[in-house]
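Chains as they are written, first to last, in the numbering used here: chain A, 5 to 496; chain B, 5 to 496.
Every residue gets a Cβ at the ideal spot worked out from N, C-alpha and C, and that includes glycine.
Treat the numbers as computed from the prediction; the structure is a model and nothing was measured.
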């Protein structure tokens with residue numbers, strides 16, 4: 005989920021200075037329009053220690069008119085607060101229609117800390133998240149716009165930041181609490197990821213902001229606020245039902261994102277490849293039998309660009325397993341019967357029983373890839389799908405399945421080269437120019453869809469593996485290796 | 005929650021025969037229209053043992069065309085089913101667009117049994133309910149109409165029914181399981197009540213059907229199906245957001261309901277009243293101090309007809325307590341500032357801290373009473389409010405508060421008599437004729453609103469007490485007594 009926020013993105017001082025004035029003017033403008041509107045805005049500022057949440061709050065205040073914006077910081081509960089139900093303090097902080105509240109710390113803070121420090125169990129944590137979702141739903145039903153910001157730093161980046169702070173002028177300011185939290189980076193990451201996943205819904209999504217560079221972070225925040233408030237101002241509340249604010253501009257605002265981080269030039273020579281393939285094939289053969297005996301089954305999803313080598317990778321995996329232990333499902337267009345049901349129905353329908361491996365050549369992710377990009381699903385539909393898919397996979401994992409998800413990534417150039425190669429090799433000629441141009445035109449849309457997909461569905465329980473695919477040998481080994489590692493982990 | 009389903013309602017054979025043909029024709033007609041529609045219908049048949057769920061399924065089939073309706077009974081899980089996540093069996097049973105599935109037993113069955121038999125804890129039970137809600141939301145988002153029927157029998161009625169069955173022709177058919185479940189009537193009632201409360205949402209509400217009389221039960225089911233499917237056919241899916249089917253006809257279909265069961269002729273003579281008032285006053289004085297010392301606080305809501313004696317009842321309670329320990333809040337129209345927030349905001353705002361008693365003369369229930377009847381809240385808003393209020397009160401109770409809710413009930417005649425009395429007594433004359441006529445005209449609407457309110461918000465943790473108020477003395481003692489009993493129970 006945090007993959008797209010560890011790419012080391014930066015904004016230069018020059019660029020920042022160039023873009024800031026427009027952003028500032030834009031924010032003042034939406035704030036003026038908001039004053040007449042019949043809904044409030046709640047901005048939640050949360051994220052890892054050291055990500056500069058205080059700086060974010062300052063810059064929001066710098067950009068906005070002080071009339072009509074208020075910040076509430078939630079420290080330890082006061083006596084007054086402890087004497088009332090937990091949400092009392094948050095109700096007190098809710099802004100009236102037409103104004104903005106910035107919540108520095110929020111209803112997420114305590115549950116995440118409690119869970120990361122193991123003061124509460126998962127069931128209780130989940131109940132608290134459910135209450136949060138209920139609470140947010142209620143506010144959104146009533147018209148509120150909730151903008152949820154999560155500021156992220158990688159583990160390395162956080163360590164660096166805290167160290168620098170300790171040495172620098174903020175020396176005295178690092179609290180023992182911050183230190184103790186930063187020591188538990190991994191626990192916090194897992195728990196936060198769960199909190200975000202379970203509360204990331206179409207009508208109040210999370211925005212994960214990479215925070216290694218303050219200028220980048222602040223610009224991003226400004227853009228998110230501008231886009232979301234503008235979109236909400238332009239969409240009046242319908243007479244019934246919940247307002248889901250589409251934010252097409254927001255989709256475009258970002259960078260292609262997570263795919264940028266894939267080291268496409270990774271490769272193996274033939275000799276290394278052969279050696280590794282043999283090693284992992286032997287291993288996988290044994291692991292697959294052991295998994296079968298222990299009734300653990302595997303669901304492996306293969307997605308990727310056309311010609312990225314999905315078929316080849318799948319064949320290497322199945323080649324290493326006893327033929328009785330796997331099934332490959334190629335997902336094509338849905339049948340009429342399937343179309344008459346919820347889009348997940350056909351995947352539930354063919355769900356494997358325990359003890360087997362099912363490899364999907366394309367999958368339920370079609371909903372947020374091809375159906376999104378080609379417009380087969382409406383925005384409200386594919387937006388909902390992230391959460392629906394996470395819940396689906398959660399049920400698989402709870403049932404003891406191992407869920408593997410591979411995105412086979414190749415560059416646009418490599419893809420073109422492979423198309424051309426096929427054109428020469430295959431008897432039936434590809435209409436390569438048409439296809440090629442079509443793909444190139446759509447590539448950017450698909451990259452955005454892939455990036456959103458990974459951010460929203462790469463979870464602690466079912467992470468995505470982004471496979472560098474320009475070198476087919478490297479890609480296949482990467483898939484085999486991941487398969488073995490995940491199975492080994494599941495077998496304990 | 006089940007109060008309105010224990011009123012002993014019956015339909016005569018004559019009435020049944022008169023009404024059945026229209027219902028039958030109507031159902032065939034909506035079914036024909038449904039065939040062309042782009043949504044499926046899921047009918048959930050659930051409820052207590054002995055309520056005749058099998059009979060309901062039969063009658064539905066009798067009334068409907070066999071093409072396009074299918075029943076799925078969920079018994080013990082098969083091997084095939086156990087090898088997959090729990091919801092697999094339900095996904096398999098989902099109907100395609102244009103058709104109907106009747107689920108005899110459903111995703112509610114196992115969690116309720118598991119919890120009633122204490123095989124799982126509350127946290128786990130709640131997580132399962134959350135998953136159910138998520139699942140139903142997903143189907144509704146996709147267009148499905150879910151009709152959830154709960155067939156209810158009182159404890160006495162159930163015992164009678166099972167005994168009759170045992171003696172009668174069905175002698176051999178009562179399973180040991182049924183017998184063992186019926187022995188745990190109270191546990192099942194509590195657990196079911198929780199399940200219904202947590203999954204009763206505006207877009208897929210529960211219908212609780214009194215089942216003591218088979219003809220009444222079957223007619224009711226027919227009417228519910230007819231109304232809900234018709235309403236859904238007439239409201240096409242909006243381009244975004246969830247479809248909430250308003251069912252005004254359904255509101256009118258029923259009987260005034262739960263208030264019919266209040267024994268309005270209960271009374272005390274002056275001597276008995278004095279004696280009881282002294283006794284409970286002494287008791288309450290002590291209990292209030294003990295509660296204060298143990299930091300338990302009480303939230304008591306007083307609602308009722310105009311002139312039903314709310315003020316008098318409140319004064320008797322406060323008269324029995326140390327003045328430092330209570331506060332009376334009269335809820336009038338909201339201020340401008342309050343109007344600019346969610347309607348619950350003003351109640352959160354004034355939430356008492358621990359160790360005190362707060363008595364509300366009218367309350368948050370205004371949302372589903374006056375605001376509903378007078379049209380100050382839109383249907384979608386007051387429909388949502390039941391669930392929001394339940395969640396609000398749940399948070400109070402979890403924080404250790406005791407929530408008491410009184411509806412002071414008087415007959416229309418008694419109300420008129422009191423108005424006239426006041427007219428004679430008070431200097432400033434009431435415009436009694438206007439008021440009177442207005443009240444009489446609205447009485448039926450209010451009765452319906454009260455009945456819905458009690459059904460949907462009388463919960464295990466915060467039950468309504470319906471107080472017979474034609475005799476003021478009786479009403480006051482009833483309030484005092486309930487206050488003492490609930491406080492005693494809370495103090496253990």
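Of the residues 396(A), 494(A), 378(A), 417(A), the one whose Cα lies closest to the Cα of residue 450(A) is 378(A).
DSSP, read as helix, strand or coil, puts residue 182(B) in helix.
Nearest CB-CB separation between residue 399(B) and chain A: below the 9 Å threshold. Just so you know, the alpha carbons of residue 218(B) and residue 50(B) end up roughly 15 Å apart. In this structure, the straight-line span from the alpha carbon of residue 322(A) to that of residue 348(A) is close to 25 Å. With a beta-carbon spacing of about 19 Å, residue 373(B) and residue 483(B) fall beyond the 8 Å limit used to define contacts. The CB of residue 55(B) never comes closer than 7 Å to any CB in chain A; the least such distance is about 30 Å. With contacts defined as CB atoms closer than 9 Å, residue 316(B) and residue 479(B) qualify as a contacting pair. Under the three-state reduction of DSSP output, residue 340(A) falls in the helix class. Cβ contact annotation for residue 476(A) (same chain, cutoff 8 Å, sequence separation greater than five): 313, 316, in chain order. Closest by C-alpha distance to residue 35(A), out of 93(A), 47(A), 68(A), is 68(A). Counting only runs of 3+ residues, the beta strand (DSSP E) found wholly inside the region 131-214 of chain B occupies 149-156, 210-214, in chain order.
For residue 130(A), there are no CB contacts under 6 Å within the same chain when 5 residues up- and downstream are skipped. Closest in alpha carbon position to residue 38(A), among 470(A), 123(A), 149(A), is 149(A). Of 152(A), 182(A), 153(A), the smallest CA-CA separation from residue 166(A) is found for 182(A). By a beta-carbon distance limit of 8 Å, residue 360(A) does not contact residue 390(A). Their separation comes to about 27 Å. With a contact defined as Cβ atoms closer than 8 Å, residue 428(A) and residue 309(A) miss out at about 20 Å. Note that the region 55-70 of chain B does not touch the region 111-128 of chain B; fewer than 3 beta-carbon pairs, one per stretch, sit closer than 8 Å.
About 6 Å separates the CB atoms of residue 345(B) and residue 100(A); that is less than 8 Å, so the two are in contact.
Scanning its chain for C-beta atoms nearer than 6 Å, with the 5 sequence neighbours on each side dropped, one finds around residue 376(A) the residues 386, 453, in chain order. With a cutoff of 9 Å on beta-carbon distance, residue 151(B) and residue 76(B) are scored as not near each other.
For residue 332(A), the CB contacts under 7 Å within the same chain, skipping 5 residues up- and downstream, are 318, 322, 363, 365 in chain order.
Nearest Cα to residue 341(B) within the set 350(B), 335(B), 186(B): 350(B).
Within the same chain, 106, 151 come within 6 Å of residue 47(B) by CB-CB distance, once the 5 residues on both sides are set aside. Here residue 108(A) has 49, 57, 58, 61, 75, 76, 77, 78 as same chain residues with Cβ atoms under 8 Å from its own Cβ, once five neighbours each way along the sequence are excluded. Interface annotation, residue 390(A): not in contact with chain B, CB-CB separation never under 9 Å. For residue 288(A), the enclosing alpha helix (DSSP H) stretches over residues 274-297. Residue pairing by DSSP places residue 331(A) opposite 362(A) in a beta bridge.
Residue 187(B) and residue 238(B) have their C-alpha atoms some 45 Å from each other. Taking a C-beta cut-off of 8 Å against chain A, the contacting residues of the region 92-105 of chain B are 92, 95, 96, 98, 100, 101, 102, listed in chain order.
Counting only runs of 4 or more residues that sit fully inside the region 67-128 of chain B, the alpha helix (DSSP H) segments are 83-86, 92-97, 113-120, in chain order. At the C-beta level, residue 196(B) and residue 52(B) come within 9 Å of one another. Around residue 220(B), the same chain offers 13, 14, 15 as residues with beta carbons nearer than 6 Å, after the five sequence neighbours per side are excluded. With respect to the 9 Å criterion, residue 145(B) and residue 388(A) are classified as neighbours on the basis of their beta carbons. Between residue 169(A) and chain B, the shortest Cβ-Cβ separation is not below 9 Å. Per DSSP, residue 413(B) is one residue of the beta strand (DSSP E) stretching across 406-413.
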